[in-house]
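For the first sequence, my numbering assigns the number 1 to the initial residue and increments by one for each residue that follows. Here a beta-carbon is modelled for each residue, glycine too, at the ideal position from N, C-alpha and C. Everything below concerns the one structure shown next.
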Amino acid sequence: MGGPESKGVAEIIKAKAWQQKRTVAHARALLGKFLVRRWPDGRVEARMITEVEAYDGERDLASHARAGRTRRTEIMYAAGGYWYVYLCYGVHEMLNLVVGPEGWPAAVLIRGLEGLSGPGRLTKGLGIGRELNGATAGEEASGLWIEDRGVRLEARSGIGRVVATPRVGVDFAGPLWAEKRWRFVLKPVERGEGAHKKPGS
DNA sequence: TACTCGATCGGA
DNA sequence: CCGATCGAGTAA
Numbered sequence: 001m002g003g004p005e006s007k008g009v010a011e012i013i014k015a016k017a018w019q020q021k022r023t024v025a026h027a028r029a030l031l032g033k034f035l036v037r038r039w040p041d042g043r044v045e046a047r048m049i050t051e052v053e054a055y056d057g058e059r060d061l062a063s064h065a066r067a068g069r070t071r072r073t074e075i076m077y078a079a080g081g082y083w084y085v086y087l088c089y090g091v092h093e094m095l096n097l098v099v100g101p102e103g104w105p106a107a108v109l110i111r112g113l114e115g116l117s118g119p120g121r122l123t124k125g126l127g128i129g130r131e132l133n134g135a136t137a138g139e140e141a142s143g144l145w146i147e148d149r150g151v152r153l154e155a156r157s158g159i160g161r162v163v164a165t166p167r168v169g170v171d172f173a174g175p176l177w178a179e180k181r182w183r184f185v186l187k188p189v190e191r192g193e194g195a196h197k198k199p200g201s
């Protein structure tokens, strides 16, 4: 199976990879990657990322960074590759990957995984809490990391198609920022879509 | 220190 | 539709 460069070999994505100032592109690029969790008992659970949102700079009034540097947002100003985990509505832990160069506050909210839909549900499902806030995304550093398992999302890849929509729950940010289509969802291909199918079968 | 309000979810 | 539940941010 496969040669020396066989596809499907999981590659752990290094923190460095998230340090370019391309927040929206980073969000889009996370679709199809795998979020991997090492549980305390050593078991490893990996799920494909299917839904993300980009939050980009202080100018983005939907972002926590709209208030500038504060104790909470400090981690967003770090260079890409750290986890930003915060409590929402006093109930749900939200998992974000900090992206961009140092000094530019940006993050990608991970909103959905294959089989675990919803930002609050996925953190609960993977045992992720605020104790990971500020930790490095990496197997050794935090037991929570991103892997590229070779999934490609080009047309006819058969995996799915990417849909861009406005972000969820950010109407408070005003129309300019609420309407930006910075939410990306990986929709599975429908039967008969994305590949030729014999009619009438 | 007081007050407001959320990057949500599950149950009426 | 509504309540849960709590910490960050703001005003004072």
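Tell whether a beta-carbon distance below 8 Å holds between W83 and L97.
yes
key: CA-to-CA distance, R38 to E45, given in whole angstroms   = 6 Å
- Task: Output the residue ranges of the alpha helix (DSSP H) runs that lie fully inside the region 129–157 and measure 4 residues or longer, sorted by chain position.
- Result: 139–142
Going by beta carbon distance, what residues of the same chain come within less than 8 Å of V24, once the five residues before and after it are set aside?
-> A54, D56, W182
Check your understanding: Expressed to the nearest angstrom, what Euclidean distance is found between the alpha-carbon atoms of G80 and G100?
Key -> Spanning the two alpha carbons is a distance of roughly 5 Å.
Q: With a cut-off of 8 Å on the beta carbons, I'd call V85 and I49 a contact; round off their distance for me.
A: Actually they do not touch by this definition, with Cβ atoms about 16 Å apart.
Review point. In this structure, does DSSP put P188 in helix, strand or coil?
Key: strand
Practice prompt. Give the single residue among K124, L153, L144 whose Cα lies nearest to the Cα of L132.
Written response: L144
Q. For Y77, does the three-state DSSP call read helix, strand or coil?
A. It is helical.
### Task
Measure the C-alpha to C-alpha separation of V189 and G160 and round it to an integer number of angstroms.
5 Å
Based on the DSSP output, what are the partners of Y84 in its beta bridges? N96
| query | Looking only at its own chain, which residues have a Cβ that is under 8 Å from the Cβ of L116, when we skip the five neighbours before and after it? | reply | R47, L122, G125, L126
Roughly how many angstroms separate the alpha carbons of G174 and V162, rounded to a whole number? 25 Å
inquiry  = Helix, strand or coil, according to DSSP, for D171 in the structure here?
reply    = helix
Check: Given that a residue counts as buried once 16 or more other Cβ atoms are within 10 Å of its Cβ, and exposed if not, what is F172?
Finding: exposed
Check: Hey, how far is the Cα of G112 from the Cα of H92?
Finding: Their Cα atoms are separated by approximately 14 Å.
- Compare the Cα-Cα distances from L31 to each of A10, R59, E51, M94 and report the closest residue. E51
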